[in-house]
Structure formats: C-alpha cells, structure tokens
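Each residue of the sequence shown is one higher than the one before, counting from 1 in the numbering used here.
Here's the structure, in structure tokens; my notes come after.
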Amino acid sequence: MNNSIHKIQAAQKKQRQRITFVFLTLILGSVLILAFLVMTKGIKLEIIPKDASDTAEINL
C-alpha cells in the first residue's frame with residue numbers, strides 16, 4: 001500500500017516537472033517572439049509615419 005502511494009507521488013512529481021518545463025518553454029518562446037517583433041517593428045516604425053502621412057494626404 002505504501003509503495004503504491006510513493007509511485008503515485010513520483011508520477012505526479014514527474015508530471016509537474018513536465019508541465020513546468022512546457023510552461024517555461026512557452027514563456028521563453030513567446031518572449032523571444034515578442035522581442036523579435038519589437039525589433040522588426042522598431043525598424044519599421046521609422047518608415048510607417050512617412051507612409052501614414054502619404055496615405056493621409058491621398059485620402060484628403
């Protein structure tokens with residue numbers, strides 16, 4: 001009886017480790033994607049105001 005409880009607890013511990021590993025990889029991945037988007041949009045932000053003013057003039 002005691003042995004099976006230990007097996008269940010060990011399995012739960014492994015599952016928790018897997019879940020935390022998945023969450024950490026997801027968080028790291030999303031942070032990297034956000035950083036990449038910020039970098040690429042940071043470069044595009046210099047160009048966008050010119051395009052926005054051009055389109056605003058065309059729309060007027």
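Backbone N, C-alpha and C define an ideal beta-carbon position, used for all residues, glycine too.
Check: Measure the alpha-carbon distance for R18 versus S4 and round it to whole angstroms.; Outcome: 21 angstroms
Check: Roughly how many whole angstroms lie between the Cα atoms of Q66 and K41?; Outcome: Outside the modelled stretch of the chain, which goes from 1 to 60, sits residue 66, for which no answer is possible.
Check: Spatial neighbours of K14 within its chain, please: C-beta separation below 8 angstroms, excluding the five flanking residues on both sides.; Outcome: none
Check: Can you tell me the Cα-Cα spacing of F23 and S30, whole angstroms?; Outcome: 10 angstroms
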